[in-house]
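Inspection log for the structure reproduced underneath, given as structure tokens.
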């Protein structure tokens with residue numbers, strides 16, 4: 048039986064799989080030829096698609112979680128790929144951008160691990176942050192030579208601004224990178240999730256490194272700095288910021304597996320400087336350290352002991368310094384020979400400890416009328432030619448008036464794989480109505496919360512069309528009702 052996902056994701060992976068093959072209800076010819084799956088909800092199952100029509104923007108979350116989507120050809124005319132449009136497309140490996148594209152917003156291609164190469168067209172002038180994080184196989188990033196805003200490195204592993212002063216992104220699949228000598232700024236999340244890198248060399252002109260630039264670089268063991276650099280240095284493999292005669296800890300390479308001893312030359316532990324170091328078990332902090340910044344030990348999930356040589360000399364603790372740390376972490380004040388749990392430590396030193404509200408995904412308000420103001424057309428290409436929806440242009444049916452809720456509608460009809468080129472809510476309703484009035488549709492499966500339910504009910508009665516309605520579309524309920532319906536048809 049086809050997999051029917053719960054949680055308002057999508058109903059059916061493949062129509063003909065809904066009927067068990069080992070029962071007398073299974074009739075492949077009947078199912079494939081007479082019944083067509085017309086619309087799907089979130090997480091539609093297809094291999095690739097081409098878009099065309101009057102589409103200028105791929106809406107936010109449009110293809111979020113479409114895990115069987117392998118390739119997409121975005122049409123000319125599209126100017127914007129919105130936030131999280133292709134987030135978590137875990138099998139997406141090929142993308143073709145149009146020349147009209149100008150803006151790729153944050154999270155658009157995050158967690159797309161099969162992407163191997165990206166080509167940025169000439170007119171792109173805005174890139175969100177992050178865009179290509181958690182793309183583990185991404186090796187090559189190229190930018191059209193005519194692009195006035197961005198450029199790529201000679202080895203095609205780096206995405207930079209046009210003057211190559213700002214490092215924007217390192218391809219996650221790269222094993223070695225060489226930063227151009229012109230680079231002055233390491234941007235937010237620039238190296239994030241580049242887990243194959245073991246070492247990084249910062250050139251002499253670098254004067255700014257974002258606090259989260261090296262998050263989740265779990266293979267990184269050493270950060271080297273050009274001796275001529277006036278702002279940063281490498282101290283026992285750690286990246287430190289020069290502060291006259293002392294240093295501030297900027298980043299501990301997240302691949303270090305030994306216990307960490309903070310060198311005595313360091314007086315400040317800056318924001319995020321040790322975060323995401325998942326292999327370290329113990330940390331020793333000398334009495335020279337007087338400041339511990341925000342998120343200092345965040346996401347260090349295996350640290351069980353932090354020793355302060357003299358906790359009394361620390362003048363300032365930042366926020367959320369133990370966020371997502373090991374629950375049994377103990378903090379030792381060596382001077383007083385006193386241990387603290389995380390909660391005891393936070394109470395004593397009045398550290399803000401409640402989890403910060405960072406919303407990257409989830410329920411968001413959407414202007415659905417604006418989203419569906421123009422037709423969006425998708426030609427579906429699937430590997431299995433026996434699929435009953437093999438040549439149908441499908442619509443994303445996951446936008447409602449207030450929040451992302453996925454209405455479910457399935458239409459069974461003698462459409463002979465007719466393309467559906469209408470997506471706006473009113474036009475979709477008009478198209479469905481025309482099918483029913485033309486006596487093409489023999490059955491409809493719908494959940495009662497859809498705004499068009501009453502209209503469809505009236506039409507179905509007028510045209511002798513079977514209407515299978517549900518208050519909810521659970522796997523058991525849908526399968527049982529479908530089997531009953533097919534039994535009725537065969538009888």
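Numbering (my numbering), first residue to last: 48 to 538. Backbone N, C-alpha and C fix where the C-beta goes; we use that ideal spot for every residue, glycine too.
Have a look at 216, 121 and 189 and flag the residue whose alpha-carbon is nearest the alpha-carbon of residue 230.
216
The alpha helix (DSSP H) enclosing residue 394, as first and last residue numbers
First-last of the alpha helix (DSSP H) with residue 394: 389 to 395.
Should residue 384 go down as buried or exposed, given a rule of 16 or more other Cβ atoms within 10 Å for buried?
Classification for residue 384: exposed.
Mark residue 464 as exposed unless 16 or more other C-beta atoms lie within 10 angstroms of its C-beta, in which case mark it buried.
Residue placement at residue 464 cannot be trusted, given a pLDDT of 29 that sits under 50; the coordinates are not used to answer.
May I have the straight-line CA-CA distance separating residue 187 from residue 281, to the nearest angstrom?
29 Å
Can you list, in chain order, the residues of its chain with a C-beta nearer than 7 Å to that of residue 110? Leave out the 5 residues immediately preceding and following it.
116, 132, 133 and 136
Are the CB atoms of residue 284 and residue 269 within a distance shorter than 8 Å?
yes
Does the Cβ-Cβ distance between residue 123 and residue 138 come in under 8 Å?
no
Assign residue 297 to buried or exposed, taking buried as 16 or more other Cβ atoms, counted over all protein chains shown, within 10 Å of its Cβ.
buried
Between 317, 294 and 321, which lies nearest to residue 307 when the distance is taken from Cα to Cα?
321
Where residue 213 and residue 232 are concerned, what is the direct C-alpha to C-alpha distance, given to the nearest angstrom?
As the crow flies, the alpha-carbon of residue 213 is around 5 Å from that of residue 232.
Can you tell me where the beta strand (DSSP E) holding residue 315 begins and where it ends?
313 to 316
For the candidate residues 238, 141, 396 and 271, whose alpha-carbon lies nearest to that of residue 261?
Selected option, being the one with the closest Cα: 238.
What's the call for residue 505, buried or exposed, on a 16-neighbour Cβ count within 10 Å?
exposed
Taking 7 Å as the limit between beta carbons, can you name the residues of its chain near residue 76, skipping five residues before and five after?
Its pLDDT being 40, under 50, residue 76 is placed unreliably in this model, and the value from its coordinates should be taken loosely. Same-chain partners within the cutoff: there are none.
According to DSSP, simplified to helix, strand and coil, what is residue 508?
DSSP, read as helix, strand or coil, puts residue 508 in helix.
With distances taken from CA atoms, which of 141, 291, 152 and 259 is nearest residue 108?
152
Who are the near neighbours of residue 349 in its chain, counting only those whose CB is closer than 8 Å to its CB and skipping five residues on each side?
325, 326, 327, 328 and 373
Cβ of residue 302 within 8 Å of Cβ of residue 266?
yes
8 Å contact criterion, which residue 198 and residue 209 should meet: CB distance rounded
5 Å
Cβ neighbours of residue 25 in the same chain (closer than 6 Å, five flanking residues each side left out)
Nothing can be reported for residue 25: it is not among the residues displayed for the chain, which extend from 48 to 538.
Around the Cβ of residue 393, are there at least 16 other Cβ atoms within 10 angstroms (buried) or fewer (exposed)?
buried
Nearest-angstrom Cα distance between residue 292 and residue 316?
16 Å
Determine, using beta carbons only, whether residue 323 and residue 361 come nearer to each other than 8 Å.
no
So, are the CB atoms of residue 171 and residue 192 less than 8 Å apart?
No, Cβ-Cβ distance for residue 171 and residue 192 is not below 8 Å.
Does residue 143 come out as helix, strand or coil in the three-state DSSP assignment?
Residue state, collapsed to three classes: strand.
Check residue 404 in the structure and name its three-state DSSP category.
For residue 404, the pLDDT reaches just 41, beneath the cut-off of 50, and the residue's location in the model is therefore unreliable, leaving the point undetermined.
Helix, strand or coil for residue 299? Go by DSSP, reduced to three states.
In this structure, DSSP gives residue 299 a state outside helix and strand, which the three-state scheme calls coil.
Leaving aside the five residues before and after residue 166 along the sequence, list all residues of the same chain whose C-beta is less than 7 Å from its C-beta, in chain order.
144 and 189
With DSSP as the reference, label residue 104 as helix, strand or coil.
strand
In terms of residues, what are the limits of the beta strand (DSSP E) holding residue 279?
First-last of the beta strand (DSSP E) with residue 279: 279 to 282.
With distances taken from CA atoms, which of 176, 222 and 351 is nearest residue 207?
176
Give the secondary structure of residue 272 by DSSP, where H, G and I count as helix, E and B as strand, and everything else as coil.
DSSP, read as helix, strand or coil, puts residue 272 in strand.
How is residue 290 classed by DSSP in three states: helix, strand or coil?
In this structure, residue 290 counts as strand in the three-state DSSP scheme.
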